[in-house]
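Peer 1:
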Amino acid sequence: MPNVPVSVLYAQYEGNPDVLGRKEWIEAQLRKSVLLLQAQFGQRIRERLDSGKLPEELYQMIVAEAALRVCRNPEGYTSEEQGNYSYTVRAAVASGYIMFTDMNMRALLGSEGGFIGTSFVGLGW
């Protein structure tokens, strides 16, 4: 699986990249994203990359997007108030959990053959 340069993550960040943290830490988040995909879906993604069905640029953008979720919010805050100060933390995000959305996974794996562990439940209308 191709590594993703930190410049791809910086290009997707809407602010000053200096506020995201140490470059080494950001590179570690990118590498973790790549390794998670490789461990779970490596062969399928590699086949799609090799065939051209998944452009490498899109692959890099998706990996960077997943890492950027942690880089933007390493403390895992989900809400914050000011009067009698209060905040809420999402433990998975605060622990550095890398997450790929359903849309990310559809782009990476393609729609042919469905996804492992997903199903659709309808009301039968």
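My numbering numbers the first residue of the sequence shown as 5 and each following residue consecutively. Here a beta-carbon is modelled for each residue, glycine too, at the ideal position from N, C-alpha and C.
Using the three-state DSSP reduction, which class does Met65 fall into: helix, strand or coil?
Peer 2: Of the three classes helix, strand and coil, the one that applies to Met65 here is helix, per DSSP.
Peer 1: What residue range is occupied by the uninterrupted alpha helix (DSSP H) comprising Lys27?
Peer 2: Unbroken alpha helix (DSSP H) run through Lys27: Lys27 to Ser55.
Peer 1: On the criterion of 16 or more Cβ atoms from any shown chain inside 10 Å, does Ala43 qualify as buried, or is it exposed?
Peer 2: Per the 10 Å Cβ criterion, exposed.
Peer 1: For Arg52, count neighbouring C-beta atoms within 10 Å of its own C-beta (all shown protein chains included) and say buried if the count is 16 or more, exposed if not.
Peer 2: Burial call: buried.
Peer 1: Give the DSSP-derived three-state secondary structure of Val97 in the structure shown.
Peer 2: Low confidence applies to Val97: its pLDDT is 49, below 50, so where it sits in the model is not reliable, and the reading given next is rough at best. Helix.
Peer 1: To the nearest angstrom, report how far apart Leu58 and Arg110 are at their CA atoms.
Peer 2: The straight-line gap from Cα to Cα measures roughly 11 Å.
Peer 1: Beta carbon of Leu34, beta carbon of Val67: below 8 Å?
Peer 2: Cβ atoms of Leu34 and Val67: closer than 8 Å.
Peer 1: Report back the beta-carbon spacing between Val10 and Glu31 to the nearest angstrom; my notes put them in contact at under 8 Å.
Peer 2: That belief holds up - the Cβ atoms of Val10 and Glu31 are roughly 5 Å apart, short of 8 Å.
Peer 1: Do you know how far the Cα of Lys36 is from the Cα of Gln16?
Peer 2: Roughly 18 Å separates the two Cα atoms.
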